[in-house]
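Below is one structure; the comments refer to it alone.
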Amino acid sequence: MAGISLGLTLLLGTLFALVPLGVDAFLPAMPAIAAALGAEPRTVQFALTTFLAGGALGQLFWGPFSDRFGRRPTLLAGLAVALGASAACALAQSATAIVLLRFLQGLGMSAGPVIARAVARDLFAHEQAARLLARMTVVFGLVPILAPLAGGALIGIGWEAVFWFYAAVVAALAVVVHAVLAETAPALGAAHPAREIASRYWGLLRDRRFIAPLTVLLASQFGVVSFISSSAFVMVQAYGVSAQGFAVLFSTVMLGHIAGAWLSSRAVLKRGIARLVRLGAWLSFAGGVAAGVLVWSGLAHWAWVIGPMVLYMFGIGFVFPNAIAAALSPFPKIAGSASALLGFLQFGTSAVTSGVLAVLFDGTGRPMAAAIALGAVAALAAERLILRPALERAG
Numbered sequence: 040m041a042g043i044s045l046g047l048t049l050l051l052g053t054l055f056a057l058v059p060l061g062v063d064a065f066l067p068a069m070p071a072i073a074a075a076l077g078a079e080p081r082t083v084q085f086a087l088t089t090f091l092a093g094g095a096l097g098q099l100f101w102g103p104f105s106d107r108f109g110r111r112p113t114l115l116a117g118l119a120v121a122l123g124a125s126a127a128c129a130l131a132q133s134a135t136a137i138v139l140l141r142f143l144q145g146l147g148m149s150a151g152p153v154i155a156r157a158v159a160r161d162l163f164a165h166e167q168a169a170r171l172l173a174r175m176t177v178v179f180g181l182v183p184i185l186a187p188l189a190g191g192a193l194i195g196i197g198w199e200a201v202f203w204f205y206a207a208v209v210a211a212l213a214v215v216v217h218a219v220l221a222e223t224a225p226a227l228g229a230a231h232p233a234r235e236i237a238s239r240y241w242g243l244l245r246d247r248r249f250i251a252p253l254t255v256l257l258a259s260q261f262g263v264v265s266f267i268s269s270s271a272f273v274m275v276q277a278y279g280v281s282a283q284g285f286a287v288l289f290s291t292v293m294l295g296h297i298a299g300a301w302l303s304s305r306a307v308l309k310r311g312i313a314r315l316v317r318l319g320a321w322l323s324f325a326g327g328v329a330a331g332v333l334v335w336s337g338l339a340h341w342a343w344v345i346g347p348m349v350l351y352m353f354g355i356g357f358v359f360p361n362a363i364a365a366a367l368s369p370f371p372k373i374a375g376s377a378s379a380l381l382g383f384l385q386f387g388t389s390a391v392t393s394g395v396l397a398v399l400f401d402g403t404g405r406p407m408a409a410a411i412a413l414g415a416v417a418a419l420a421a422e423r424l425i426l427r428p429a430l431e432r433a434g
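In this text, residue positions in the sequence shown follow my numbering: the first is 40, and each later residue adds one.
Below, the structure is given as structure tokens:
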């Protein structure tokens, strides 16, 4: 089997990161959009909700479509929707229009991660798939670092520039996909009615080979999103960090994620998926629990959050790519559907977590730290009690 090329890694990694790009570059533009269009801040904030809702729903049907019609045409269709929605957002005359159009933008952009994961599974299985997914995660990890900086720079031109930036990125990806990405689906199936697609999803949810790694993944996702959704408020309002200082601290944490994913890509062929998920779960457990204990002990300084979170995200760099590979590898004939369901559940976890943490925020770092620690404990418990026995039983 052919090796993993740098070009393939960069293309799939960029597609994998489309949805977080749609969130992170938008954040700096929100106040400018509210001011320019005379809208309430909460109205503009709702554009994040509709984007994530579109992304979650899109996960469910891009996958089955790709199993039926192929990865390449499905991806190009999704990119076309995202391109049109991005341009329409740039031309919008009201915040309400942006809120509605962002749903379509999320719907289209969600084709990126669904198809990227499915292509990775089409081309490789088990440790090789985990290796590619880890390399994709390195590219993915750059987005939370670079996207807010890009969004902030584009605001100087005008808030519309952020959406034209999205349109340009999507158009460039469509050109590259059309030019270089060959069809990878092993076999295109017949059309499936909605009932059969639902039955396929239900079958996956009842399959221990899918559910066991998924439990570790979603518990880890809970902790990660708890940090991402709350850290700006905690750092700025509770610990007095400037906006610029927060960007640096946030980037430092994300570098831990990149480092873990890079090391995972180097080690997975020798160590195997199971060992690396276990290592990542223990590392994130240590970092997450440390953050919880330090913050709840009354140590009100950003260092007691950021230090443990670097370790936590370093461990997540091992957990995510290997857990995803473990969940998708047993299902080569329905990799698109399996990828779609996995993505939908990740999005759902993110949406619920961010909403709960927004309600619980009390001006301190305690709710965030407790949620991170809870996610770390749950992920380690899931690895030890659910994933490890499932992998041992499988062989």
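Just so you know, even glycine gets a beta-carbon here, dropped at the ideal spot from N, CA and C.
Please read these numbers as outputs of a predicted model, since none were measured by experiment.
Cα-Cα separation between residue i and residue j, rounded to whole angstroms
i    : j    : result
A251 : L367 : 11 angstroms
L430 : S376 : 22 angstroms
Y205 : L257 : 28 angstroms
V7   : E199 : The structure shown does not extend to residue 7, since the chain is modelled only from 40 to 434, so the question has no answer here.
L45  : L51  : 10 angstroms
R423 : N361 : 15 angstroms
V83  : R239 : 37 angstroms
A300 : F142 : 30 angstroms
W101 : A150 : 6 angstroms
V280 : L384 : 33 angstroms
L212 : P369 : 29 angstroms
A126 : S105 : 25 angstroms
L315 : S133 : 48 angstroms
W321 : L172 : 20 angstroms
T254 : F285 : 31 angstroms
M40  : L49  : Note that M40 scores a pLDDT of 44, beneath 50, so its modelled location is shaky and nothing firm can be said.
T89  : A207 : 22 angstroms
M348 : E235 : 42 angstroms
L413 : G327 : 8 angstroms
L333 : F261 : 20 angstroms
L312 : C128 : First, the amino acid is wrong: residue 312 is Ile here, not Leu. Whole-angstrom Cα-Cα distance: 42 angstroms.
A75  : L146 : 26 angstroms
I184 : T53  : 14 angstroms
P67  : R432 : 48 angstroms
A306 : F359 : 14 angstroms
A218 : R107 : 22 angstroms
M148 : L87  : 14 angstroms
V215 : L47  : 11 angstroms
L96  : V391 : 15 angstroms
Whole-Å CB distance - residue i paired with residue j, under 8 angstroms assumed
i    : j    : result
F324 : V416 : 7 angstroms
I411 : F289 : At roughly 14 angstroms, the Cβ-Cβ gap does not stay under 8 angstroms, so I411 and F289 are not in contact.
R160 : P371 : 7 angstroms
L419 : S269 : Wrong, their Cβ atoms sit about 22 angstroms apart, outside the cutoff.
A364 : A56  : Contact flag wrong, Cβ pair sits at about 18 angstroms.
V201 : G190 : 6 angstroms
L115 : F386 : The pair is not a contact, with the Cβ atoms about 22 angstroms apart (cut-off 8 angstroms).
V292 : I345 : 6 angstroms
A298 : G356 : 6 angstroms
Q144 : A121 : 6 angstroms
Y278 : W341 : 5 angstroms
T223 : L162 : 6 angstroms
L60  : V182 : 5 angstroms
A379 : V58  : In fact, because the Cβ distance is near 13 angstroms, the residues do not count as touching under 8 angstroms.
P187 : A64  : 7 angstroms
DSSP state of residue i mapped onto helix, strand, coil
i    : result
G109 : coil
M40  : The predicted model places M40 with a pLDDT of 44, which falls under 50 and marks its position as unreliable; any figure quoted below should be read in that light. Three-state DSSP puts M40 in coil, outside helix and strand.
E435 : Residue 435 falls outside the range modelled here, since the chain spans only 40 to 434, and no answer is possible.
R141 : helix
F272 : helix
Q260 : helix
P67  : helix
I236 : helix
Q98  : helix
E79  : coil
L220 : coil
W198 : coil
V280 : coil
D161 : helix
F285 : helix
A189 : helix
P183 : helix
A56  : coil
F370 : coil
A298 : helix
A131 : coil
heavy atom of the ligand ZN below 7 angstroms from residue i C-beta
i    : result
V215 : Of ligands this structure carries none, so the ligand ZN is not represented either.
Which runs of the beta strand (DSSP E), 3 residues or longer, sit entirely within the stretch 374-427? none
Continuous alpha helix (DSSP H) assignments of at least 4 residues falling wholly in the stretch 310-349: 312-335
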